[in-house]
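Peer 1:
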Amino acid sequence: MNDLKQLAFQRKNKMAFLVVASVLKGVATIGQALFFVAIADRVFLQNAAFESLLPLFVGLLSAILLRAGAGYAIGRAGVNLAADVKSEFRSTLIKSFASNPLQSAAQGQSGQKVSLLMDAVDEVDGFFSKYIPQMIQTYIIPLLLLAVIFTQNWTTGVIILITAPFIPVFMAMVGKGTKKKADEKMEQLSQFSGTFLDVLQGLTTLKLFGQAEKQRNTIRKSSLSFRDSTMDVLKSAFLSSLMLEYISMLSIGIIALEIGLRLVVFDSISFFTAFFILILVPDFFNLLKDFGSAFHTARGSVSAANQLSAELEKTHPSLVWGSEKLAPEPPHLSLEGLSFQYGDDGFTLAPMDGEIPPYSQVAIIGKSGSGKTTLMQLLAGLLPQSEGRLMINGVQREKMSEQSWFDQLSYISQNPYLFAGTIRENMEIGANRQVSDAEILDAAEKAGIAEMVLALEQGFETPIGEAGRGLSGGEKQRIALARAFLKKPSLILFDEPTTGLDLRTEQILQDSLSELQKTSTVITVAHRLHTIRKADLIFFLDGGKLEAVGSHDELLQTYSLYKEMLSAQQGGSVR
Ligand SMILES: Nc1ncnc2c1ncn2[C@@H]1O[C@H](COP(=O)(O)OP(=O)(O)OP(=O)(O)O)[C@@H](O)[C@H]1O
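If you're matching positions, the sequence shown starts at 1 in my numbering and goes up one per residue.
#1: Would you give the residue range spanned by the alpha helix (DSSP H) that E475 belongs to?
#2: Go through the residues and name those whose CB comes closer than 5 Å to any heavy atom of ligand 1, in chain order.
#3: Report all residues from its chain with a CB closer than 7 Å to the CB of L555; omit the five preceding and five following residues, and keep chain order.
#4: For the alpha helix (DSSP H) holding I219, just list the boundary residues, first then last.
#5: Pick out the complete alpha helix (DSSP H) segments inside the region 106-184, 4 residues or longer, and give them in chain order.
#6: Can you list, in chain order, the residues of its chain whose CB lies under 8 Å from that of K235, leaving out five sequence neighbours each side?
#7: Please confirm whether S241 and F192 have their CB atoms less than 8 Å apart.
#8: With distances taken between CB atoms, is the gap from F226 to Q188 smaller than 8 Å?
#9: Starting from the Cα of Q477, find the closest Cα among K488, F494, L486 and give me that residue.
#10: In whole angstroms, give me the CA-to-CA distance for A49 and R42.
#11: Is the distance from the Cβ of V281 to the Cβ of I255 below 8 Å?
#12: How long is the line joining the alpha carbons of L491 and P330, rounded to whole angstroms?
#13: Taking only the alpha-carbon atoms, compute the straight-line gap between L513 and L312 and give it to the nearest angstrom.
#14: List the whole-angstrom C-beta distance separating L146 from I160, where the pair is believed to meet the contact cut-off of C-beta under 8 Å.
#15: Looking only at its own chain, which residues have a Cβ that is under 6 Å from the Cβ of I132, when we skip the five neighbours before and after it?
#16: Please determine if the region 75-95 and the region 12-23 are in contact, where contact requires at least 3 C-beta pairs separated by less than 8 Å.
#17: Over the uninterrupted beta strand (DSSP E) stretch that includes F494, give me the two end residues.
#18: Taking DSSP as the reference, what is the three-state secondary structure of S309?
#19: Assuming L335 and G322 form a contact by the criterion Cβ under 8 Å, report the distance between their Cβ atoms to the nearest whole angstrom.
#20: How would you call S303, buried or exposed, if buried means at least 16 neighbouring beta carbons within 10 angstroms?
#21: Please work out which residues of its chain come closer than 6 Å, Cβ to Cβ, to K545, disregarding the five sequence neighbours upstream and downstream, and give them in chain order.
#22: For T156, which residues of its own chain have a beta-carbon under 6 Å away from its beta-carbon, when the five flanking residues on both sides are left out?
#23: Runs of 4 residues minimum, wholly inside the region 354-425: which ones carry the alpha helix (DSSP H) assignment?
#24: Starting from A548, trace the beta strand (DSSP E) both ways and give me its first and last residue.
#25: So, at 8 Å on beta carbons, what are the nonlocal neighbours of E258 in its own chain, with the 5 sequence-adjacent residues on each side left out?
#26: Please identify the residue among A98, E515, P55, P328 whose C-alpha is closest to the C-alpha of A443.
#27: On a Cα-Cα basis, can you pick out the residue from Y411, S370, S368, I364 that is closest to G381?
#28: I need the boundaries of the alpha helix (DSSP H) containing G337, first residue and last residue.
#29: Give me whichever residues DSSP pairs with I279 in a beta bridge.
#30: Please report how far the alpha carbon of N426 lies from the alpha carbon of M231, in whole angstroms.
#31: From the DSSP output, in three-state form, read off Q10 for me.
#32: Taking V20 as the reference, which of A73, Q10, S551 has the closest Cα?
#33: For I464 and K289, what's the separation of their Cα atoms in angstroms?
#34: For Y559, I'd like the list of residues in its chain whose CB is within less than 6 Å of its CB, leaving aside the five on either flank, ordered along the chain.
#35: Distance, Cα to Cα, M565 vs S368?
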């Protein structure tokens, strides 16, 4: 809770405003009671004429307006404070998600991340929009009221001093129990969101395996336990409201009895004073009660904030970048003992040495799971190496400017991501600038996708991606190729399709790549004999080790496993 309070106190202007507004509200509350009692006193006990009451009515109206205005200002300031903190939380989270290297970004369920970003951050709202304003009011206004009550009738002040502390003591007791329940509720919500999105994304697979009914029950169970923990939290919130109500009613009752006895039986207090105190005392206890409810809301916020802090505190091996600019031409890459390991005991790429000269065509080959994609991601600067160095034109990758590096690079994976938008928008991502219709058409033609797109009713304006038209794996890759044609990168990393393509698509891919190769270095995770034979350099991986490097002919002569692999792949002899 202290961490959240600190966040609020860092916003000094807003806090100062809340203090001033609370003092004004306190003064207005006292003024309102004072004018009201004075009017009642004059009307009922002194039979005063209406004209003489006019200034008092003006005073009463002003006090009411001031109290309402200050209350409104406090509410608004709270909402602004919450919006400010929430936006800071969200941008810090997004920055943290965005700066995670690939393998950390892939950890955890997407649904849980969305729930953290949306629900958990929203849950923090109550702390700043309700608890903090109420806390400041409770620190100021009851003290003002108590001071006035003491000046009027010290015995009432003493009764308040004895009864009021029951409220914070009770709040602390309930708060202890609620904390665990609020933590459970946030945990359940995050699990529920994670399971729900996961099941939704894998619905087809689940149906195919006849698991839809089982998963329905999982979601049902997950949603029911979220409901139960929400009900638990609400139960204790209602119970605490009831108890706070009892405590304050009892206290007000005792005070009313004392005032009544003094006024009627002992005649030791004036009507003015008695009435004045009886109006102020409920306000005093109402503030404490409201603080109790706000305290409850704050408990939920603290659980959410703990989840946010836990996410933000996760440390990931981060990718370091520098400020060296990369010239817009194919770079010379050197691998100097470059190695990588997933986690502490995961798959390892053993230290590798090698040179990739500009404009070369490199094929990375090896059995499934030998580490080809991992090496490619390492070369792309998407994973941080465990040891060794990747040198770019003689400069360590870490010293390169991230922007300048990615400006020169295109990574075409087997399953490129298509964003919800039109085909044109998805292609334009490559260019990162305004592109003309002619450029779009040209890139689409070079990537071999133009014919297919133009046959669509809406052409390049056809919506694709989530909630849009679906595309085949080959079509997606060609959209990714079109992105590369628009970008004109000097380094292309291409994860060749493992599935057999039809002859025409295969021809288009080959032509497109030959075109791109004229102006760039192309590193391919290669599966087709054609690509492997054409490569200037072949990196042969086996079990995470770079077993051999050379051209097709060199490897055929020097490395028997190479020939075996190609034979197995082609189902015949290789020359
Ligand atoms: N995020 C990850 N965390 C831990 N291990 C991983 C991760 N991604 C991949 N691996 C493991 O690393 C090894 C190499 O994977 P990689 O994808 O690089 O192989 P590959 O040669 O490209 O395989 P394929 O040809 O089947 O695509 C595999 O054993 C895989 O299980």
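Glycine included, C-beta positions come from ideal geometry on N, C-alpha and C.
Peer 2: Judging by the given coordinates:
#1: 473-487
#2: Q103, Y342, G346, F347, S368, G369, S370, G371, K372, T373, T374
#3: I538, F540, A548, Y562
#4: 212-260
#5: 110-115, 121-126, 132-152, 154-163
#6: none
#7: no
#8: yes
#9: F494
#10: 9 Å
#11: yes
#12: 6 Å
#13: 41 Å
#14: 6 Å
#15: A8
#16: yes
#17: 491-495
#18: helix
#19: Their Cβ separation, rounded to whole angstroms, is 19 Å, which puts L335 and G322 out of contact at 8 Å.
#20: buried
#21: A350
#22: I149, I255, I277
#23: 372-380, 402-407
#24: 545-550
#25: T155, T156, I159
#26: E515
#27: Y411
#28: Here G337 belongs to no alpha helix (DSSP H); instead the beta strand (DSSP E) covers 333-341.
#29: Answer is none; I279 lacks a bridge partner.
#30: 45 Å
#31: helix
#32: A73
#33: 54 Å
#34: A548
#35: 12 Å
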